[in-house]
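As they're listed, the protein sequences go chains A and B. Under the working numbering, the first residue of the first sequence carries the number 1, and numbering increases by one thereafter. Under the working numbering, the first residue of the second sequence carries the number 1001, and numbering increases by one thereafter. The beta-carbon is built from N, C-alpha and C at its ideal position, and this holds for glycine as well. Please read the structure below before turning to the comments.
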Amino acid sequence: MTESSMTQFPDLVNWAWAGVLYWLVLGFGALLLQRQRRLLTSLVFPLGALGALFMAGVGLVGLVAPPSAVILPIGLPDLPFHLRLDALSAFFLVLLGGASFGVTVYAVGYFRNMRAGPLGLLVLWYHLFLGGMVTVLLADDAYAFMVAWEVMALSSYFLVTTDHKIPDIRRAGFLYLLIAHVGAVALLLCFGLLQGGHGDYTFNSMRLAEMTPFWASAVYLLALFGFGAKAGLVPMHVWLPEAHPAAPSPVSALMSGVMLKTAIYGLLRVTFDLLNVQIGWWGTLALALGLLTALYGVIFAAVQSDMKRLLAWSSIENIGVILAAFGLTLIFYTDGKGALAALTLTALLYHALNHAFFKGLLFVGTGSVLHATGERRMGKLGGLIRFMPWTAWLTLVGALAIAGLPPLNGFVSEWLLLQAFLLTPGLTQPYLNMVIPVAAASVALAAALAAYVMVKFFGVVFLGQPRDPALHHAHEASWPERLGMIWLAAGCALLGLFPAQVIDRLAPVVRLLSGQTLVNDGNWLMLAPVSAERASYAPLIFFAVVAVVLLLTFVWVRRIYHGRVRRADPWDCGYPEQDARMQDTAEGFGQPIRQIFESFMRVERERPDPFDRHPRYTSASLDKLWFLLYEPIARLASWISDQAGRLQHGRIQWYLIYSFATLIFLLVFVTR
Amino acid sequence: MTTGILLQIAQTLLAILLAPLLMGWVNQCRAWLQGRSAPPITQPYRTLRKLFHKDAVIAHDASPLFRFAPYMIFACMALAAGIVPTIANDLPFSPAADVIALVGIFALARVFLALAAMDTGTSFGSLGARREMLVSFLAEPALLMVFFTASLISQSTELPIIVETLAHREFVIYPSMAFAAVAFWMISVAENARIPVDNPTTHLELTMIHEAMILEYSARHLALIEWAVALKLFTYSALGIALFLPWGIAAQGDFNALPLAILALVAKMALGGAVLSFMEAISAKVRLFRAPEFLGTAFLLGVLGMLIHFLLEV
């Protein structure tokens, strides 16, 4: 099987496929090494990480190489796998390889210390998951795509339920599986419509098919629903805050950083590549949904008190921003503004890449905290910067990046997106001209709230006093964990400092989808989309000036004055019995947001009465959509199944009668 | 290029050196309005000198972040002061960051201040941090709206080009900028921790925002933060002047206009400081949860300005 596919040796797609096979071999090999836990972590994971690096390399070459395709004779007879690697797939391969290299290196240290469990099986799912995601990116027919999509969904389901003995985790896994499959059904229908009755499920024939605007819109809506369910688009986002905290941290990092991006990849592939009609209102819809998702996600992130759940909500926010960029791209593209579509598309891809790095970094950072303390609730953490300085400072890089602060990477994509919003004047529909700059305000609001969320996250977990005496024994992350985090943090810094170079690499993808590229009017130091007169940003100069002023100030203060320091107790406001529990908590930090945005959530409070011996005060901010949308659907589904259950009596006679009646019924149709 | 860089450094240093003077002037005006005898205008310099001479007292548990933050905040504000055109336009730093990046610089400084406040783990510090982030997440989009209005008029987010368009081209009255100006005033008041959102002289736990964050700082660290605060007020004033009263800022390479530019700057700053203290004297601090309403108004005014731009000026 493999040999036959290796005949066209120099084609890049074969190299990528070889990487997938390599991962599969590693994964199944791990099953044989079930007992050697040490060997599994210190041999198989580093080898897997090399595979990730290889994938990133293939992707980097693939960005500039011509598209290459291959047909693999696997699967059902007459239904071979078509694989193809073009610039779009290559870009997402770079994203996948770059982020999963850091995460897999981290995993070496993480799983070494994991409590007992079937580690071999976990390693298998891990590599199947990676291989599945790569195959999704390579697939060139609907059949291969759906198989890979399911492999990805199922392997990640098993990874989420690693700790399946905990009922909450089983429940989270089930919810994830359910929504993943509702989405998959929509995708099946979407591809069914795309093939247009020819029975040819290759993407090539789909590209050639002519569609009426009505059916094209149906395809688009199904794709938006199906991929949106995977990406965590409101209102299909409910699985994310459940599944991410349940999974082991490296898996959360991969799911949030990479898997959500495969949905973005699918959406781009279907909308810009497979469909050859695009309609303006699609973009408006995506923009509105994206902004709603971004704001909804960040508001809920601000009121969470579980650190992984907080990050999961923040992923929803970032997906919202990416989808808003997608909507804007569609608006520009259908309006014939190719240059502007190129700008927003660049912002979209840039943000997807950034998110893979900083969210990966933050999730693995929480993994180290979880290892060191065994605690996920922020109310029990605090002061960890003193015991785990490496983890703390590296996580700070990720937190600053995701808060969209210059000169790190999150700022660049946000800046590009805001520039695009400002360029809208000139669209043919005047109402869009007026509405879109206001939409820019909600992106700005989401970004500013993200800073709030990150101050809360970092401040409560790593700063202040340890809220629990046991935290004094928290240990620093192991070296592989640190190396993984350093890689991801370096990615955040480099993507932020060298935007001009990154945009050059993105150009082939942008040209493939929008037909134009973003012209950088600046030089290697400076980013100036459209023209230097319009806007420019030079992160390296920015960084250099801040660093120089910082050093000069430091030296100057020491030289002119002195550097004497005295240590003392912090000021206790004249109340000497303060302890660490009197610090602001995660709930406290989120309280203003809860008060302002209470109409979005259902807040459940438990207040003690004055005579309680052990007063407890709890409050939980729950997702209102869960009660408004999901519970009625669940009730309806269970009512329908109850009704269907009436047909079942357990008596063989009845079932024979059913079969007989069905037969008669069908015969009526056949004879007519 | 060399003269450009020299002029750039001169302008940045001027901003850093003059910033406490503006603070002193505002304090003086306020003292007069309140019927007190005013401190000398150079009082902030004396305070800074006193603070630099003192030994720094730091909490036992404070992490390196706590000691790093003041330098970081000061450096951010110095960069911001270098980017905003105060006396001359189109200096070499300005392409490094446009108005959106400027908002980013302020945000960076603010996040470091908030994190440093949470570092010692006293209840006041994180209380202040939380309130500061609350005010800022509302102020930041509003500020962007103001900048967007200005950049829609000038077709650019570069400050030099905005100033060039507004000051040196044909004189046009932009009604949208009137709305933006009011919004900008409200945002500046909030961002610089002035009445009615915050009170720079209070240490009352129920009301303080900015002061609560820097409660644990002393000596040189406090001096750097106070200086950065003065620099922020100066930069915001310069920004307001550049956007709404840009006449007098020297065009690129026009050295003869520099003395006049400095005079114009001093006059405009003095006027702005006097108006600020007057507004502070006649208003009272609002409750914390009224602050969102205050900033929401600013945001709506910014949006209104932008809509008016689309309706009347395109």
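* Which bits of chain B does residue 468 (chain A) rub up against, with CB to CB less than 8 Å? -> What you label residue 468 (chain A) is simply residue 468 of the first sequence in a count that begins at 1. Under the 8 Å cutoff, chain B gives no residues; its nearest Cβ is about 13 Å from residue 468 (chain A).
* Contact the region 160 to 168 of chain A vs the region 196 to 203 of chain A: 3+ CB pairs below 8 Å -> The region 160 to 168 of chain A, when compared against the region 196 to 203 of chain A, does not touch it at the 8 Å Cβ threshold.
* Among all the DSSP beta bridges, which residues are the ones paired with residue 71 (chain A)? -> Against the first sequence, residue 71 (chain A) aligns to sequence position 71. Answer by DSSP bridge pairing, in chain order: A:82.
* If we count Cβ pairs, one from each stretch, closer than 8 Å, do we get three or more for the region 374 to 392 of chain A versus the region 536 to 549 of chain A? -> no
* To do: Give the DSSP bridge partners of residue 622 (chain A), in chain order.
  => Locating residue 622 (chain A) in the first sequence gives position 622, counting from the first residue. Residue 622 (chain A) is bridged to A:602.
* To do: Find the nearest neighbour of residue 46 (chain A) within the set A:578, A:483, A:627 and A:656, judged by alpha-carbon distance.
  => As a working mapping, residue 46 (chain A) is identified with position 46 in the first sequence. Ranked by Cα distance from residue 46 (chain A), the options A:578, A:483, A:627 and A:656 are led by A:483.
* Measuring CB to CB, does residue 297 (chain A) end up less than 8 Å from residue 1119 (chain B)? -> Stepping through the first sequence from its first residue, residue 297 (chain A) is reached at position 297. Stepping through the second sequence from its first residue, residue 1119 (chain B) is reached at position 119. Cβ atoms of residue 297 (chain A) and residue 1119 (chain B): not closer than 8 Å.
* For the alpha helix (DSSP H) containing residue 652 (chain A), list its first residue and its last residue. => Here residue 652 (chain A) refers to the residue found at position 652 when the first sequence is read from its first residue. Segment 652 to 671, the alpha helix (DSSP H) holding residue 652 (chain A).
* Segment contact flag, the region 187 to 195 of chain A with the region 209 to 219 of chain A, C-beta cutoff 8 Å, min 3 pairs -> yes
* Closest Cβ-Cβ distance between residue 615 (chain A) and chain B: below 8 Å? -> Counting from 1 along the first sequence, the entry for residue 615 (chain A) is found at position 615. Judged by the 8 Å Cβ criterion, residue 615 (chain A) is not in contact with chain B.
* Asked: In angstroms, rounded to a whole number, what distance separates the CA positions of residue 1050 (chain B) and residue 1190 (chain B)?
  -> In the second sequence, the residue the question calls residue 1050 (chain B) occupies position 50. In the second sequence, the residue the question calls residue 1190 (chain B) occupies position 190. Rounded to the nearest angstrom, the two C-alpha atoms are 28 Å apart.
* To do: May I have the straight-line CA-CA distance separating residue 81 (chain A) from residue 139 (chain A), to the nearest angstrom?
  => As a first step, residue 81 (chain A) is located in the first sequence; it is residue number 81 there, counting from the start. As a first step, residue 139 (chain A) is located in the first sequence; it is residue number 139 there, counting from the start. So the alpha carbons of these two residues sit roughly 7 Å apart.
* **CA-to-CA distance, residue 1240 (chain B) to residue 1272 (chain B), given in whole angstroms** => Translated into positions along the second sequence, residue 1272 (chain B) becomes position 272. Translated into positions along the second sequence, residue 1240 (chain B) becomes position 240. Spanning the two alpha carbons is a distance of roughly 9 Å.
* Taking Cβ-Cβ distances shorter than 9 Å, what residues in chain A pair up with residue 1060 (chain B)? -> For the purposes of this step, residue 1060 (chain B) is taken as residue 60 along the second sequence, with counting starting at 1. The contact set of residue 1060 (chain B) on chain A, defined by CB atoms closer than 9 Å, consists of 567, 568, 569 and 570 in chain order.
* Under 7 Å from the C-beta of residue 966 (chain B): neighbouring residues of chain A -> Nothing can be reported for residue 966 (chain B): it is not among the residues displayed for chain B, which extend from 1001 to 1314.
* Where residue 676 (chain A) sits in the DSSP three-state scheme -> Outside the modelled stretch of chain A, which goes from 1 to 672, sits residue 676 (chain A), for which no answer is possible.
* residue 553 (chain A) to residue 1078 (chain B), Cα distance in whole Å? -> Locating residue 553 (chain A) in the first sequence gives position 553, counting from the first residue. Locating residue 1078 (chain B) in the second sequence gives position 78, counting from the first residue. If I take the Cα positions, the gap works out to 10 Å.
* Determine, using beta carbons only, whether residue 445 (chain A) and residue 295 (chain A) come nearer to each other than 8 Å. => Counting from 1 along the first sequence, the entry for residue 445 (chain A) is found at position 445. Counting from 1 along the first sequence, the entry for residue 295 (chain A) is found at position 295. Against a cut-off of 8 Å, the Cβ pair of residue 295 (chain A) and residue 445 (chain A) comes out as a contact.
* Asked: So with Cβ pairs under 8 Å, would you call residue 64 (chain A) a contact of chain B?
  -> Numbered from 1 along the first sequence, position 64 holds the residue referred to as residue 64 (chain A). It does not; no Cβ of chain B falls within 8 Å.
* Asked: When the distance is taken between beta carbons, is residue 146 (chain A) closer than 8 Å to residue 96 (chain A)?
  -> Taking the first residue of the first sequence as position 1, residue 96 (chain A) is located at position 96. Taking the first residue of the first sequence as position 1, residue 146 (chain A) is located at position 146. It is not a contact, given that the beta carbons lie outside the stated cut-off.
* Can we say the region 1183 to 1203 of chain B touches the region 1223 to 1243 of chain B, given the rule of at least three CB pairs closer than 8 Å? -> yes
* Asked: Skipping 5 residues on each side, what residues in its chain have a beta carbon closer than 7 Å to that of residue 1139 (chain B)?
  -> Along the second sequence, one-based indexing puts residue 1139 (chain B) at 139. Contacts found: 1187, 1190, 1191 and 1295.
* To do: Grab me the residues of residue 268 (chain A)'s own chain with a C-beta within less than 7 Å of its C-beta, minus the 5 sequence neighbours each way, in chain order.
  => The residue labelled residue 268 (chain A) in the question sits at position 268 within the first sequence. If we look at residue 268 (chain A) and ignore the five residues flanking it on each side, its Cβ neighbours are 88 and 513.
* Simplified DSSP state of residue 1172 (chain B), which is helix, strand or coil -> Indexing the second sequence from 1 puts residue 1172 (chain B) at position 172. Correct three-state label for residue 1172 (chain B): coil.
* Asked: Taking Cβ-Cβ distances shorter than 7 Å, what residues in chain A pair up with residue 1140 (chain B)?
  -> Here the question's residue 1140 (chain B) lines up with position 140 in the second sequence. Per Cβ cutoff of 7 Å: 444 and 448.
* Asked: Are any of the Cβ atoms in chain B nearer than 8 Å to that of residue 16 (chain A)?
  -> If you number the first sequence from 1, residue 16 (chain A) lands on position 16. For residue 16 (chain A), the answer is no, since every Cβ of chain B falls outside 8 Å of its Cβ.
* Cα-Cα separation, residue 4 (chain A) to residue 54 (chain A) -> To locate residue 4 (chain A), count along the first sequence from 1; it is residue 4. To locate residue 54 (chain A), count along the first sequence from 1; it is residue 54. Summary for residue 4 (chain A): the model assigns pLDDT 41, below 50, so the residue's position carries little reliability; its value from the coordinates is reported in the next sentence. The alpha-carbon atoms of residue 4 (chain A) and residue 54 (chain A) are separated by roughly 22 Å.
* Asked: Alpha carbon to alpha carbon, how far is residue 1209 (chain B) from residue 1127 (chain B)?
  -> Counting from one through the second sequence, the residue named residue 1209 (chain B) turns up at place 209. Counting from one through the second sequence, the residue named residue 1127 (chain B) turns up at place 127. One C-alpha to the other measures close to 8 Å.
* Asked: What whole-angstrom Cβ distance do residue 136 (chain A) and residue 148 (chain A) have, given they're in contact under 8 Å?
  -> As a working mapping, residue 136 (chain A) is identified with position 136 in the first sequence. As a working mapping, residue 148 (chain A) is identified with position 148 in the first sequence. Indeed they touch by this definition, with Cβ atoms about 4 Å apart.
* To do: Measure the beta-carbon distance from residue 566 (chain A) to residue 1055 (chain B) and round it to whole angstroms, keeping in mind my assumption that it falls under 8 Å.
  => The count along the first sequence starts at 1 and reaches residue 566 (chain A) at position 566. The count along the second sequence starts at 1 and reaches residue 1055 (chain B) at position 55. Right, the Cβ-Cβ distance comes to about 5 Å (below 8 Å), so this counts as a contact.
* So what does DSSP say about residue 9 (chain A), is it helix, strand or coil? -> Stepping through the first sequence from its first residue, residue 9 (chain A) is reached at position 9. Residue confidence for residue 9 (chain A) is low, a pLDDT of 40 falling below 50, so the modelled location carries little weight; the figure read from the coordinates is stated next. Looking at residue 9 (chain A) - three-state DSSP - the assignment turns out to be coil, as it is neither helix nor strand.
* Closest Cβ-Cβ distance between residue 411 (chain A) and chain B: below 8 Å? -> If you number the first sequence from 1, residue 411 (chain A) lands on position 411. It does; some Cβ of chain B falls within 8 Å.
* Rounded to whole angstroms, what's the CA-CA distance from residue 6 (chain A) to residue 14 (chain A)? Just pull it up for me. => Working through the first sequence from its first residue, we reach residue 6 (chain A) at position 6. Working through the first sequence from its first residue, we reach residue 14 (chain A) at position 14. Residue placement at residue 6 (chain A) is flagged as unreliable, the pLDDT there being 41, under the threshold of 50; the coordinate-derived value follows with that caveat. Approximately 7 Å, taken between the alpha carbons.
* Asked: Between the beta-carbon of residue 1087 (chain B) and the beta-carbon of residue 1179 (chain B), is there less than 8 Å?
  -> The residue given as residue 1087 (chain B) occupies position 87 in the second sequence. The residue given as residue 1179 (chain B) occupies position 179 in the second sequence. No, the pair does not count as a contact, with Cβ atoms beyond the cut-off.
* **Closest by C-alpha distance to residue 265 (chain A), when choosing among A:231, A:374, A:126 and A:321** => In the first sequence, counting from the first residue as 1, residue 265 (chain A) sits at position 265. Nearest of A:231, A:374, A:126 and A:321 to residue 265 (chain A), Cα basis: A:231.
* Taking 8 Å as the CB-CB limit, is residue 1198 (chain B) close to chain A? -> In the second sequence, the residue the question calls residue 1198 (chain B) occupies position 198. Chain A contact via Cβ: absent.
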